[in-house]
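J.: Going by the working numbering, the sequence shown opens with residue 91, and the numbers climb by one from there.
Quick reminder that beta carbons are idealized off the backbone N, C-alpha and C, glycines included.
Pasting in a structure now, in structure tokens, and then I'll have a few things to ask.
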Amino acid sequence: MFWAKTHPSILVIDDDRRNREMLAEALSQAGFETDIVSDGVGALDKVKLVPYDAVLSDICMAPFSGLDLLDSLRKTMPETPVVLLTAFGSVDTAIQAMKQGAFDYMVKPVNLEELVLTMRRAVEHRRLIDGNGVPQRPSGEQPKTVSLIGHSKPMVDVFKLVGKVAGSRAAVLLQGESGTGKELIARAIHDNGPRAIHKFVAVNCSAIPDSLLESELFGHTKGSFSGAHAMRRGLLEEASGGTFFLDEVGDLSPSGQAKLLRVLQEGELRRVGSNESVPVDLRIISASRRNLSELVGAGRFREDLLYRLNTVTILLPPLRDRPEDVPPLVEYFLFRHSSHGHYPVPSFSSSAMRALEKYTWPGNVRELEHVVERAVALATHTILSINDLPPEVLKNHRGTADHQDTFPGTLKALQREQVLKMLESTQGNKERTARLLGISRRTLYRLLDRYGFGKNGHCSNTDTTDTPGA
């Protein structure tokens, strides 16, 4: 094993005492020597004295963040791998961490077995560098904000890949069902790469008739076909210098596939009706909802083109395979679609959220956004119940309305904080609180008694009178 002579040393940085002690204990039991500090200042002092094999740091700390610490460590000791921890999973944080040179990125609560494996890989990486002089990838520029959200392991893995490929010239193929966010991922790659100051041009091959698609992509000369009254530059030419996103590339005609291959091989294109070559410099990111290898086997897609397109393949998981991402996505969409006149931002009841999590989402994230937007547009109160969800979402959900007689499951899911927060928002009005929670007033009293607050609760001095407009 790589720690045969000495135990590898890890510096653990976290401003939460219990958390850093728990992490250090888990690593110590796995055979690591660990030191712990509470902030980046202490970490920088420590690394001046001890040549640690790897660093494990939380991101959200004061006086400067884990990303700031990473930046400092990359400048002073670039050979030391840094693994970052965060309580929030977003593409912005993941891309920024990987672009600044983090060895890896993990979302809390951390699986301790995965943490130990990750730190072992980090130490192996460090010792390979020490032995072979393997160069580290350089840190990049600060990424731009991209509205992608998720803390499930499949999406964190996607974010890591985006961070790794953004700064390269590699062709990227995105594969996933419709609505999984392929164009957003393509934009994230563009926005965090060296071509970010240039154009990002997107086209969906399935949305343009075959008779017009080649002209749209490659342009045409005057008189090349009926209706071509003037020379026209194609979208590929317009994107030169930047990134071209070709969605549903599997729908490209055989002729279009041959022309696209020429662009990838030669860096030039020919407009429809012309033999003149036009140089283009662009990065192509392609996407498909279908398996292109199967299309190759069926003779419907060029194998040589597929090799050119999929230097790196990123698989986007469907939303049904990552239900833990539904609540943060819902929260984001509620805020996004409430910014146009709805204040305060509404929220979904426990039963409604459970229905959203259990739905299979054939339209994926796009469908989820439409459902939330619809609920916000039709909202008449700040708590959205399952009555605000469309019938298809409720098809496999037990119970079809937020009603006192149909919600034993909801009561089990209601948490103490949710009930008390609702009481505060209604200024202690029990009748309105019960109605918004979708339970009876008697059930609310039982809950308050169970939580040790009695019938009056914390906020009650308005129990017998409805608030105006309730």
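Taking the runs of the beta strand (DSSP E) that are 3 residues or longer, which of them lie wholly in the stretch 225-313?
T.: For the stretch 225-313, whole beta strand (DSSP E) runs of length 3 or above, ordered along the chain, are 262-265 and 290-294.
J.: Just list the beta strand (DSSP E) runs in the stretch 112-200, keeping only unbroken ones of 3 residues or longer that don't cross its boundaries, in chain order.
T.: The qualifying runs are 123-127, 144-148, 172-176 and 194-197.
J.: Could you give the distance in angstroms between the alpha-carbon of V213 and the alpha-carbon of V145?
T.: Going by the C-alpha atoms only, they are around 9 Å apart.
J.: Could you tell me if P233 is buried or exposed, where buried requires 16 or more neighbouring beta carbons within 10 angstroms of its beta carbon?
T.: Because the pLDDT at P233 is just 36, under 50, the model does not fix this residue reliably, and the value given afterwards should be weighed accordingly. Counting Cβ neighbours within 10 Å, P233 comes out buried, since at least 16 surround it.
J.: On a CA-only basis, which of P408, T208, E414 and N477 is nearest N454? Give me that one, please.
T.: Of P408, T208, E414 and N477, the residue nearest in Cα terms is P408.
J.: Below 8 Å, how does it come out for the stretch 323-337 and the stretch 369-379: are there three or more Cβ pairs, yes or no?
T.: Touching, yes, given that three or more Cβ pairs across the two stretches are closer than 8 Å.
J.: Express the C-alpha separation of R285 and A260 in angstroms, rounding to a whole number.
T.: Using only the alpha carbons, I get a separation of about 13 Å.
J.: Could you spell out where the alpha helix (DSSP H) holding D394 opens and where it closes?
T.: Counting along the chain, the alpha helix (DSSP H) containing D394 begins and ends at E393 to L399.
J.: Mapping the DSSP letters down to three states, classify A388 as helix, strand or coil.
T.: In the structure shown, A388 sits in coil (DSSP, three-state: anything other than H, G, I, E or B).
J.: Give every residue of the same chain whose Cβ lies closer than 7 Å to the Cβ of R216, excluding the five residues on either side of it in the sequence, and list them in chain order.
T.: Counting only Cβ-Cβ distances below 7 Å, and skipping sequence neighbours, we find D143, A144, E169, T170 and P171.
J.: For F249, does the count of other Cβ atoms within 10 angstroms reach 16, so buried, or fall short, so exposed?
T.: By the 10 Å Cβ count, F249 comes out buried.
J.: Tell me whether the beta-carbon of D158 lies closer than 9 Å to the beta-carbon of S128.
T.: Not a contact, by the Cβ cut-off of 9 Å.
J.: Give me the DSSP bridge partner(s) of F438.
T.: Its beta-bridge partners are L474.
J.: Buried or exposed: which applies to P98, given that a residue is buried once 16 or more other Cβ atoms fall within 10 Å of its Cβ?
T.: Per the 10 Å Cβ criterion, buried.
J.: For E328, write down the residues that DSSP places opposite it in a beta bridge.
T.: Its beta-bridge partners do not exist; DSSP assigns none.
J.: When the distance is taken between beta carbons, is S305 closer than 9 Å to D341?
T.: No. Outside cutoff.
J.: Please report the residue range of the beta strand (DSSP E) in which L336 lies.
T.: T333 to D337 is the span of the beta strand (DSSP E), which, as asked, contains L336.
J.: Assess contact between the stretch 270-288 and the stretch 468-481, defined as three or more Cβ pairs (one per stretch) separated by less than 8 Å. Is contact present?
T.: Touching, no.
J.: Would you mind working out which of K312, A177, C150 and L263 sits nearest P199, comparing C-alpha positions?
T.: Answer by Cα proximity: A177.
J.: Give every residue of the same chain whose Cβ lies closer than 6 Å to the Cβ of R110, excluding the five residues on either side of it in the sequence, and list them in chain order.
T.: Cβ neighbours of R110 beyond the five flanking positions: V102, D104 and I126.
J.: Which value, in whole angstroms, describes the spacing of the CA atoms of M245 and E123?
T.: Going by the C-alpha atoms only, they are around 32 Å apart.
J.: Kindly list the residues whose CB is nearer than 7 Å to the CB of L202, restricted to its own chain and excluding five residues on each side of it in sequence; keep chain order.
T.: For L202, where only same-chain residues beyond five positions count, the Cβ hits under 7 Å are A116.
J.: Given a cut-off of 9 Å on the beta-carbon distance, is the pair P413 and E447 in contact?
T.: The answer is yes: Cβ separation under 9 Å.
J.: If contact is defined by three or more beta carbon pairs under 8 Å, each pair taking one atom from either stretch, is the stretch 314-321 in contact with the stretch 347-366?
T.: Judged by Cβ distances under 8 Å, the stretch 347-366 makes contact with the stretch 314-321, as three or more pairs qualify.
J.: Spatial neighbours of A329 within its chain, please: C-beta separation below 6 Å, excluding the five flanking residues on both sides.
T.: Contacts found: K289, V291 and L372.
J.: State yes or no: is the C-beta of H241 within less than 9 Å of the C-beta of D478?
T.: It is not a contact, given that the beta carbons lie outside the stated cut-off.
J.: Taking buried to mean at least 16 other C-beta atoms within 10 Å of its own C-beta, is K312 buried or exposed?
T.: Under this definition K312 is an exposed residue.
J.: Determine the contact status of L396 and L350, defining contact as a CB-CB distance below 9 Å.
T.: No. Outside cutoff.
J.: Can you look up L479 in the DSSP assignment and give me helix, strand or coil?
T.: Coil at L479, not helix or strand.
J.: Could you pull the DSSP bridge partners for P407 from this structure?
T.: Partner(s): none; P407 has no beta bridge.
J.: In this structure, what does DSSP give as the bridge partners for A377?
T.: Partner(s): L264.
J.: Relative to the ligand FAD, is the shortest distance from any of its heavy atoms to the C-beta of P481 smaller than 8 Å?
T.: Among the components of this structure there are no ligands whatsoever, and the ligand FAD is therefore not found.
J.: Less than 9 Å between the C-beta atoms of I100 and M167, yes or no?
T.: Contact flag unset, no.
J.: List the endpoints of the continuous beta strand (DSSP E) containing P369.
T.: S367 to P369 is the span of the beta strand (DSSP E), which, as asked, contains P369.
J.: Excluding the five sequence neighbours on either side, which residues of its own chain have a C-beta within less than 7 Å of the C-beta of S428, listed in chain order?
T.: Around S428: V435, P436 and V466.
J.: Give the straight-line distance between the Cα atoms of L263 and I298, rounded to the nearest whole angstrom.
T.: Each residue's alpha carbon lies about 20 Å from the other.
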